[in-house]
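Data block below; observations after.
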Amino acid sequence: MEKAPSLVRIVVLTRAEGPDSCRDTLDALTQLGGDVEIEIVRDAAACLAATASGQVDAVLLDRASPQASGPVLEALANAGPPLVFVTDDAGEGAALEAFRSGAADCVRVGPDYAEVLPVVVLEQVRRWRQQAAQSVAERRIRDLQRYNDDIVQNLNSALVVVDAEGRIETANTTAEEILGVERGRLVGRVLWDWFVGEPRDGSPIGRTLSEGARFKGAETEVRRSDGIVIPIGLSCSPLAAAGGAVAIFQDLSEIHQLQRQVLQTEKMASIGQLAAGIAHEINNPMGFIHANLFQMAEYLGDLRQAWERVDDLQKAVQDLEGAGPAAPVGAGIEGIRQASDALTALVRELDLDYVQTDFAKAVRESQDGAERIRHIVKDLRDFSHHGSDDLAPADLNDCLDSTASIAWTMMKHSVVLEKNYGELPPVRCFAGQLKQVFMNLLVNAYQAIEQKLGGAGGTGTIEICTEPKDDGVAISIRDTGAGIEPTDQTRIFDPFFTTKEVGAGMGLGLSTSYSIVRRHEGRIDVSSRVGDGTTFTVWLPVDGPAGG
Amino acid sequence: MTRVARVLLVDDEERILGALRRSLRREGYELVTAQTPREALAKLEVEDFDAVLSDHKMPGMTGVELLARVARLQPNTARLLITGWAQAVSPGDKDAATIDAVLPKPWEDAELKDTLRKLLAARAS
């Protein structure tokens, strides 16, 4: 027979008085071997008290039916440790009754009592201990689950687990908030139903499920249940064991707003630099329109004087006609001649031939000037247009042109601009942001040239080249400016790094450009030699940012 | 004045030169124009002028620099800068010190005529 596991505590409720009342039972229990602690109690209340201590492994009701019955027996059965009934009754009825009362087992006192009892008790003790151990393990698992659940639910990021079909198995509260769904309503629904404009196979999650692809921070959009579109950064990985995928995503609305603010700030900074150039560009046409208007007013005065003479002449003619046949013709003709001479003299004096032609010329030139101002304002509006911040296919040659025409107002006196555009496919992009990149690069190129010229006059060259390249488009902006020191070349994309004098820029231009290009999943490279100039090359994929 | 005053107008913007001509048309000057500082200097090498009126922002050379050269070439010539570029003339700039008058762009016709008339009269006396 097996040895009892460690210390075994058994409570024996016996009906009879005296130490020998349960001698046979005690003798049988010594067969258990090992450490056994036996407490003998003689009434049900004491038995219940002993059992409730929590240290008991089994309770033996040794021929104790008179004491242990009714509610007390029920309490004992519910207390936890197994109840083993010991009975003298040879009939089946006693055993049945015992099991009905909640017995774990029932032993009949017979010739083999001493062998049977220890086996039964040991079995019950083992079961009870196993059960206790299991419930501890279950509690631990429950605690661990609750702990994990707490972490998952309280994550600042949305966490969603989907099965192989994309149906949601687990979702935390952040996921419910971002997707705008009531608590607990996500489970069972298909995740990519929320993604904007992406069929199953196009969405990162779909591709994770079908190809096992992993995504880290892919930018995409979901349409919340109330219809509002939310930008999110999505990471997902396949769950190899379960065949599904886990997706973690963050609401990027706030980050996007900050990015827009930074962009706007930097845009304002470069516009500040451009403003002087633009003011000059507007001022020239304003200058001659202003002077021309003044002159045209004078011309109008001259012409009005001439008109008065014409009026005099007409009156003289009317006088002659109205004088009737009796009047002397000579006087009337004399009046006409005088008026005509006065007109001729005035035409000569005011040089009205010239006035007339120059008036027309001044009008034409002023119209041209107004048109130029209109054009500059339009360029400016095109450049800073907010609506072009949408992701849409754009002709980057056009974007470069509208940016260069603004930049040109600033640089025209010291720069020769060369454009070598290749034929480009439309590029899916945030055109407004890319224009910002181009503007930054052009402003830098111009400033590098100014730095090299050092106010000594002369010009530098900026060359803009575009060409299709590797499923994308390459744009290079080359200048013949001062160049970038090798030690600075690694730092130029760092935020707030600048070698410009105070007020010439915040040092955000290139870092902003870098993050814009990266957002488009493109590249930006620089090659530069001090004294020779710098070339920035931007490569952008035709498809634009994935998942966007 | 026995002789008609000769005035050189310099601006890279043809239309500005046209407008200046119109403004000064009845002032009785002989007006000569140049569209680049280089062209202006070439004219100054071979002809005398009583006044030079120049724009500031021009390719190759600024108006301030041009007028400083004019001061060396023909010291008696009146030198006027006409500019919308407020920072063009900074106090302490020794080139700028050679300028007799700065006019804003856009200019007022009366102010332009008046300033030029006064500067020329001061030189004639």
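Line by line, the protein sequences are chains W and X.
Residue numbering for the first sequence follows the working numbering, starting at 10 and increasing by one per position.
Residue numbering for the second sequence follows the working numbering, starting at 157 and increasing by one per position.
In this text, a Cβ means the ideal position worked out from N, Cα and C, and glycines have one as well.
Beta carbon proximity, residue i to chain W, threshold 7 Å
i	result
residue 195 of chain X	no
residue 231 of chain X	no
residue 270 of chain X	no
residue 175 of chain X	yes
residue 265 of chain X	yes
residue 178 of chain X	yes
residue 171 of chain X	yes
residue 216 of chain X	yes
residue 219 of chain X	no
residue 240 of chain X	yes
residue 274 of chain X	no
residue 213 of chain X	yes
residue 261 of chain X	yes
Helix, strand or coil at residue i [DSSP, three-state]
i	result
residue 385 of chain W	helix
residue 205 of chain X	coil
residue 478 of chain W	strand
residue 192 of chain W	coil
residue 429 of chain W	strand
residue 218 of chain X	coil
residue 263 of chain X	coil
residue 91 of chain W	coil
residue 185 of chain W	helix
residue 1 of chain W	Because chain W spans 10 through 557 in this model, residue 1 of chain W falls outside it and cannot be assessed.
residue 10 of chain W	With a pLDDT of only 47 at residue 10 of chain W, under 50, the local geometry of the prediction cannot be trusted, and the value read off the model is given with reservation. In this structure, residue 10 of chain W counts as coil in the three-state DSSP scheme.
residue 338 of chain W	helix
residue 41 of chain W	coil
residue 402 of chain W	strand
residue 225 of chain W	strand
residue 237 of chain W	coil
Span separating the alpha-carbon of residue i from that of residue j
i	j	result
residue 45 of chain W	residue 157 of chain W	41 Å
residue 267 of chain X	residue 278 of chain X	16 Å
residue 127 of chain W	residue 65 of chain W	16 Å
residue 335 of chain W	residue 376 of chain W	55 Å
residue 340 of chain W	residue 353 of chain W	20 Å
residue 181 of chain W	residue 196 of chain W	10 Å
residue 371 of chain W	residue 532 of chain W	51 Å
residue 264 of chain X	residue 299 of chain W	8 Å
residue 111 of chain W	residue 55 of chain W	19 Å
residue 541 of chain W	residue 420 of chain W	19 Å
residue 244 of chain W	residue 229 of chain W	11 Å
residue 190 of chain W	residue 234 of chain W	7 Å
residue 18 of chain W	residue 41 of chain W	11 Å
residue 263 of chain W	residue 242 of chain W	12 Å
Chain X within 7 Å of residue i, Cβ atoms only
i	result
residue 384 of chain W	no
residue 566 of chain W	Because chain W in this structure spans residues 10 to 557, residue 566 of chain W falls outside the shown range and cannot be described.
residue 303 of chain W	yes
residue 374 of chain W	yes
residue 529 of chain W	no
residue 300 of chain W	yes
residue 466 of chain W	yes
residue 422 of chain W	yes
residue 289 of chain W	yes
residue 449 of chain W	no
residue 406 of chain W	no
Where residue i falls, given that 16 or more other Cβ within 10 Å makes a residue buried
i	result
residue 304 of chain W	buried
residue 548 of chain W	buried
residue 198 of chain X	exposed
residue 163 of chain W	exposed
residue 418 of chain W	buried
residue 164 of chain X	buried
residue 39 of chain W	exposed
residue 212 of chain X	buried
residue 337 of chain W	exposed
residue 160 of chain W	exposed
residue 322 of chain W	buried
residue 363 of chain W	exposed
Handout entry: the segment 413-430 of chain W touching the segment 467-486 of chain W, judged by at least three CB pairs closer than 8 Å
Key = Judged by Cβ distances under 8 Å, the segment 413-430 of chain W makes contact with the segment 467-486 of chain W, as three or more pairs qualify.
Practice task
Pair every Cβ in the segment 60-79 of chain W with every Cβ in the segment 93-106 of chain W, then say whether three or more of these pairs are closer than 8 Å.
Solution key: Flag = yes, the segment 60-79 of chain W and the segment 93-106 of chain W touch.
Practice task
Please confirm if the segment 187-196 of chain X is in contact with the segment 213-221 of chain X, defined as three or more CB-CB distances below 8 Å between the two stretches.
Solution key: yes
Exercise for the section: May I ask you to verify whether the segment 221-229 of chain X touches the segment 257-265 of chain X, counting CB pairs closer than 8 Å and requiring at least 3? Expected result: no
Problem - Touching by the beta-carbon criterion (3+ pairs, under 8 Å), the segment 83-91 of chain W and the segment 100-109 of chain W - result: no
Practice task
Would you check if there are 3 or more beta carbon pairs closer than 8 Å linking the segment 240-259 of chain W to the segment 167-182 of chain W?
Solution key: yes
Practice task
Mind the definition here: the segment 201-208 of chain X touches the segment 158-178 of chain X only if three or more C-beta pairs lie below 8 Å; say whether that holds.
Solution key: yes
Practice task
Please determine if the segment 434-445 of chain W and the segment 462-470 of chain W are in contact, where contact requires at least 3 C-beta pairs separated by less than 8 Å.
Solution key: no
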